[in-house]
Structure formats: structure tokens, C-alpha cells
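K.L.:
For reference, the structure I am asking about is given below.
Chains as they are written, first to last, in the numbering used here: chain L, 12 to 260; chain E, 202 to 468.
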């Protein structure tokens with residue numbers, strides 16, 4: 012019950028200050044936004060790249076094994092492209108960001124809660140949700156879709172390079188097949204998904220942080236909760252958007 | 202709503218406070234006089250810090266009212282009014298509560314950046330003045346984690362004073378400090394009161410601080426106000442708990458330890 016109260020408080024304050032925060036005039040809000048953009052975006056590029064590259068190669072290997080049996084190995088490109096753009100790109104990026112940024116949001120806010128820093132913001136007349144949550148939300152809404160596009164690109168390219176080197180598929184054929192088979196709609200659907208994941212990770216991460224009360228151990232507990240709930244919500248949202256996409260295909 | 206720029210009394214009327222199902226204090230009546238240092242004294246867990254949180258509007262009382270001058274703080278419906286009032290209140294939290302991700306200068310500048318439209322250069326100037334006032338002029342670019350506990354508290358005091366508040370609230374300023382740092386902080390609080398004529402409320406159980414700074418004392422014990430008045434009256438009180446407290450006499454723990462020793466010696 013307490014958890015839902017805190018969630019309602021945070022969401023109502025978030026909605027209340029969204030209008031003001033789209034163009035933050037105060038320099039320290041801008042600084043916080045730049046910092047969060049760097050934390051969420053730039054700092055995640057290496058891990059997103061490595062995981063996407065591995066996923067592209069795994070997909071190429073798995074699909075080649077099956078398609079070879081029916082003499083359709085040239086369709087590897089189609090399978091890798093569709094799976095990455097529609098599903099694995101947004102999903103894996105969201106899961107990585109949950110582990111990196113969502114957990115960091117929870118730990119940061121929970122620690123601030125315990126050390127009375129949130130109270131200090133309140134008594135200074137600074138809206139804690141505006142100060143802490145809004146820059147993170149904006150950074151996530153910008154960076155998660157960007158990282159998703161990057162993950163899609165790396166996954167497809169690595170799948171293509173591996174296919175040409177190890178499976179003997181001509182790289183021009185691979186990339187032509189990918190471009191021919193994919194539609195702009197697929198990329199757009201992936202981006203919508205990633206935007207929803209970004210909101211979900213931020214809200215859950217910050218909400219769990221604000222719930223922390225009982226010392227250092229609670230920071231760990233809330234961080235674990237944040238990651239588990241976020242991943243659960245990501246899967247649910249993924250199911251919802253995939254069903255929606257299927258219905259309106 | 203007009204917010205006074207002069208120091209004002211803080212009046213607690215029939216105040217009951219605590220948390221649902223756990224009332225810590227019942228029907229508390231007290232006046233904390235304007236421009237004076239009021240020390241709220243009491244043992245650990247008696248509700249001193251909770252009272253401070255209620256005065257700050259961070260907690261809602263179970264019943265009763267808190268007035269700052271003529272303004273009823275418990276009646277403020279509009280969050281904007283509360284925000285405006287808080288710009289006239291400076292708070293020093295128990296561990297300073299400096300934001301760890303910001304430097305000292307950025308921490309102290311925060312209230313000014315939020316509530317004024319002053320250019321950054323002027324804000325920097327004011328921040329320097331406030332940091333020099335607490336003896337931390339050379340530490341503007343340090344992060345709170347790079348400072349000692351006493352320095353963090355002094356920085357907290359600089360941040361509390363940056364908007365030139367009319368009321369200053371300090372939660373256990375001397376806790377965790379060595380005697381010299383604690384005495385320095387007491388002197389700083391006295392200096393701030395004399396220079397800026399702020400109504401100061403200090404929550405503590407440190408007797409040295411009490412005798413150094415108090416103009417007015419409120420003693421809380423077992424959910425009620427045991428004493429309020431000046432230091433002389435407190436020293437002359439015949440109340441058994443007050444005498445024990447002022448003479449630092451151990452009570453229950455000591456007795457139970459003696460019982461436990463006797464029990465073991467019988468074996």
C-alpha cells in the first residue's frame with residue numbers, strides 16, 4: 012500500500028512538472044540532464060555493442076543450422092534482421108539499461124533518501140521529482156531509442172560479417188536481403204517499444220529508490236526489486252506491443 | 202501569502218505528533234522565541250528530530266498546530282505557499298545532507314539557483330561569502346565525500362544560510378564531532394544568530410552545546426514537555442529526570458547491568 016502511495020505521489024509530481032521541464036531554464040537542470048545523457052547513453056555503448064554483436068552472430072549460427080537443412084541458407088539475413096529489429100534489439104538494450112541505469116537510479120535515490128538528501132531538497136523548496144527524476148526520464152527517452160538503433164545496426168552487421176566469413180554467404184546478398192525484407196514499420200515499432208521500456212525502467216527505478224527507508228541494506232533490496240520489476244514489466248510491455256503489432260500488421 | 206523577512210516566534214499548540222499507531226508526543230505546547238536560540242533537549246528517541254520534521258512540514262502532526270508568527274504551518278494547503286515559506290527557513294541536517302554528486306559550491310548555490318533569477322557570477326560571489334563565513338572558502342570545488350564530518354556540517358550551515366533565512370533549524374549539530382569541532386560549530390551558530398538575528402532551533406542532547414548556546418530550553422521526555430524556560434531555571438529545577446540528565450547520571454541500563462552482575466556472581 013505504501014509502495015503504491017509513493018508511486019502515485021511520484022507520478023503525479025512527474026506529470027505536474029513535465030511541462031516546465033521540457034525546456035529547463037536553470038543551468039543546473041541542464042547540467043543534470045547532460046550528465047544523465049552521458050551516463051545512460053555514451054557509457055552504455057560498449058556493453059550494448061558487445062552484446063548486440065554476440066547476439067547477431069548467435070542468431071546467424073542458429074538460423075543457418077536450421078535453414079541449411081531445407082537449402083534456404085540465404086534467408087539467414089532475413090531471419091537475423093527481423094528478429095533483431097523487431098525483438099532482440101529493443102529487448103536486450105532495455106535489459107542492459109535496466110541493469111546499468113535502472114539499478115543506478117534506484118541506488119542513487121535510495122542512498123539520498125537514507126542520508127536525508129531528499130528531505131534537504133524538499134526543505135530547500137526544490138521539487139525532488141523534478142530535480143532527480145525528470146532529467147533521468149528525458150535522458151532515457153532520448154538515449155534508449157538511440158541505443159536500440161545502434162544495437163540493431165551492430166547486430167545486423169555482425170551477423171552479416173559472420174555469415175560472409177564463416178557461412179560463405181555473400182555480404183552484398185546478405186545486406187540486400189536485409190534491406191529488401193525489412194520495412195520502416197518494423198524499425199518504428201521497435202522504437203516505440205524502446206520508448207515505452209525507457210519510461211518503465213525510469214519510473215520503476217526511481218520509485219523503488221524513493222521507497223527506501225531502512226538503512227544501507229534497504230538500498231540493496233530496493234535495487235534488486237527495481238531490476239526484477241523492470242525486467243518483468245519489459246517482458247509484459249513487449250508482449251503487449253508485439254500483440255498490437257501483430258493485430259495491425 | 203506574504204512571507205515576513207523578520208524573525209518570528211514559533212508556537213506549538215496542543216501538538217501531538219508521531220506516526221500512525223505510534224504517537225510519540227501528546228499535547229505539546231511551547232513558544233520558541235524570535236531571534237533567540239531555542240534548544241530542544243531530550244534523550245535519544247524522545248522525538249526531538251521528529252518535532253523538527255513537523256516544524257519543517259516534512260511530517261503531518263496527528264493533531265494540534267504549529268505557527269510561524271501568525272502563519273499556521275499545519276494549515277498550508279498550497280504547496281507553493283509551503284515552498285515560499287521554506288525559502289525563509291534554513292536547515293542543517295544531522296549529517297549535513299550535502300548532495301554527494303555536487304561540489305560544495307554547487308550545493309550551497311542550489312537554493313539560490315532555484316529561487317532567484319540572479320546571474321551565475323553573482324550567485325558564485327554569494328556562495329563564496331557564505332563559505333568563507335563558515336571557514337570553507339578554499340573548499341568550493343571539493344565534493345562532500347572529501348571533507349571531514351565537521352566540515353560537512355559547516356558546509357550544511359552555509360547552505361542553510363545562503364537565502365538569508367529568518368529561521369534556522371539544526372538537527373544535532375554536534376553529534377559525531379570531536380569537542381573542538383563541536384565548540385567551533387556552537388560558536389558559528391551563536392555568530393549567525395547575532396549577525397542575522399535568526400530564530401534558531403537546535404535539537405541536541407549534547408549538554409556542552411546546551412550551555413554554550415541556549416537562550417531558551419525545551420526539554421522533552423516520555424512524550425511530553427518536561428520543562429521550558431531559560432537555562433537558569435533548568436539548572437535550578439528539582440525534577441528528578443532533569444537532575445539526572447544534567448548530571449549525566451546513568452539510569453536503567455546501569456541498574457540492569459548491576460542486576461546481571463549480581464546474578465552471575467551467585468552462580
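All C-beta atoms, glycine included, are put in the ideal place defined by N, C-alpha and C.
Since this is a predicted model, take the numbers as computed values, not measurements.
At a CB-CB cut-off below 8 Å, which residues of chain E make contact with residue 263/L?
P.N.:
In the structure as shown, chain L starts at 12 and stops at 260, and residue 263/L therefore has no counterpart that could be examined.
K.L.:
Can you tell me whether residue 468/E is helix, strand or coil according to DSSP?
P.N.:
Because the pLDDT of residue 468/E is 48, which lies under 50, any placement of that residue in the model is unreliable, and the number read from its coordinates should be weighed accordingly. Residue 468/E sits in coil when the DSSP states are folded into three classes, being neither helix nor strand.
K.L.:
Can you say whether residue 220/L is buried or exposed, counting buried as having 16 or more other CB atoms within 10 angstroms of its CB?
P.N.:
buried
K.L.:
According to a CB-to-CB cut-off of less than 7 Å, which residues of the region 37-68 of chain L neighbour chain E?
P.N.:
Of all residues in the region 37-68 of chain L, only 37, 38, 39 come within less than 7 Å of chain E when Cβ atoms are compared, listed by chain position.
K.L.:
For residue 134/L and chain E, any beta-carbon pair shorter than 9 Å?
P.N.:
It does: the Cβ of residue 134/L has a partner Cβ on chain E nearer than 9 Å.
K.L.:
Run down chain L in chain order and give the residues with a C-beta less than 7 Å from the C-beta of residue 290/E.
P.N.:
134
K.L.:
Within its chain, find whatever has a CB closer than 7 Å to the CB of residue 218/L; leave out the 5 residues flanking it on each side and keep chain order.
P.N.:
17, 18, 21
K.L.:
In terms of DSSP beta bridges, what is residue 425/E paired with?
P.N.:
422/E
K.L.:
Please report how far the alpha carbon of residue 272/E lies from the alpha carbon of residue 234/E, in whole angstroms.
P.N.:
15 Å
K.L.:
What is the DSSP secondary structure of residue 270/E, reduced to helix, strand or coil?
P.N.:
coil
K.L.:
So, do the region 70-79 of chain L and the region 91-104 of chain L have three or more beta carbon pairs nearer to each other than 8 Å?
P.N.:
The region 70-79 of chain L and the region 91-104 of chain L touch, with no fewer than 3 CB-CB distances between them shorter than 8 Å.
K.L.:
Assign residue 346/E to buried or exposed, taking buried as 16 or more other Cβ atoms, counted over all protein chains shown, within 10 Å of its Cβ.
P.N.:
exposed
K.L.:
Relative to chain L, which residues along the region 309-340 of chain E have a C-beta separation below 7 Å, given in chain order?
P.N.:
311, 312, 314, 315, 316, 321
K.L.:
Quick check on DSSP: helix, strand or coil for residue 372/E?
P.N.:
strand
K.L.:
What residue range does the alpha helix (DSSP H) around residue 238/E cover?
P.N.:
Premise fails: residue 238/E lies in the beta strand (DSSP E), 238-243, not in any alpha helix (DSSP H).
K.L.:
Can you name the start and end residues of the alpha helix (DSSP H) that residue 261/E belongs to?
P.N.:
Premise fails: residue 261/E is in no alpha helix (DSSP H) and is neither H nor E.
K.L.:
Determine the DSSP secondary structure at residue 405/E, reduced to helix, strand or coil.
P.N.:
strand
K.L.:
Please report whether the beta-carbon of residue 245/L lies at a distance below 9 Å from any beta-carbon of chain E.
P.N.:
no
K.L.:
Buried or exposed for residue 254/L, please, with buried defined as at least 16 other CB atoms from any protein chain shown within 10 angstroms of its CB.
P.N.:
Exposed, since its Cβ has fewer than 16 Cβ neighbours within 10 Å.
K.L.:
Taking C-alpha atoms, which residue in 276/E, 360/E, 337/E, 331/E lies nearest to residue 315/E?
P.N.:
360/E
K.L.:
Do the region 403-413 of chain E and the region 238-252 of chain E meet, that is, are 3 or more Cβ pairs less than 8 Å apart?
P.N.:
The region 403-413 of chain E makes contact with the region 238-252 of chain E: 3 or more CB pairs, one atom from each, lie closer than 8 Å.
K.L.:
Between residue 267/E and chain L, is there a C-beta pair that is closer than 9 Å?
P.N.:
no
K.L.:
Examine chain L for any beta-carbon lying closer than 9 Å to the beta-carbon of residue 468/E, and answer yes or no.
P.N.:
Confidence at residue 468/E is low in this model, with a pLDDT of 48, below 50, so the placement of that residue is unreliable and no value is reported for it.
K.L.:
Which residue's Cα is closest to the Cα of residue 117/L: 252/L, 248/L, 236/L?
P.N.:
Comparing Cα-Cα distances from residue 117/L to each of 252/L, 248/L, 236/L, the minimum goes to 236/L.
K.L.:
Please classify residue 468/E: is it buried, with 16 or more other beta-carbons within 10 angstroms of its beta-carbon, or exposed?
P.N.:
Residue placement at residue 468/E cannot be trusted, given a pLDDT of 48 that sits under 50; the coordinates are not used to answer.
K.L.:
Could you check whether the Cβ of residue 382/E sits closer than 9 Å to any Cβ belonging to chain L?
P.N.:
no
K.L.:
In chain order, what residues of the region 99-125 of chain L put their CB closer than 7 Å to some CB of chain E?
P.N.:
Within the region 99-125 of chain L, no residue has its Cβ closer than 7 Å to any Cβ of chain E.
K.L.:
How about residue 369/E and residue 258/E: do their beta carbons lie closer than 9 Å?
P.N.:
no
K.L.:
Is the beta carbon of residue 148/L closer than 9 Å to that of residue 105/L?
P.N.:
Result no, Cβ atoms of residue 105/L and residue 148/L do not sit closer than 9 Å.
K.L.:
Can you confirm whether residue 375/E, when its beta carbon is compared against all beta carbons of chain L, has any partner nearer than 9 Å?
P.N.:
no
K.L.:
So with Cβ pairs under 9 Å, would you call residue 301/E a contact of chain L?
P.N.:
Yes, because at least one Cβ of chain L sits closer than 9 Å to the Cβ of residue 301/E.
K.L.:
Hey, could you find the ends of the beta strand (DSSP E) residue 220/E is sitting in?
P.N.:
211-220
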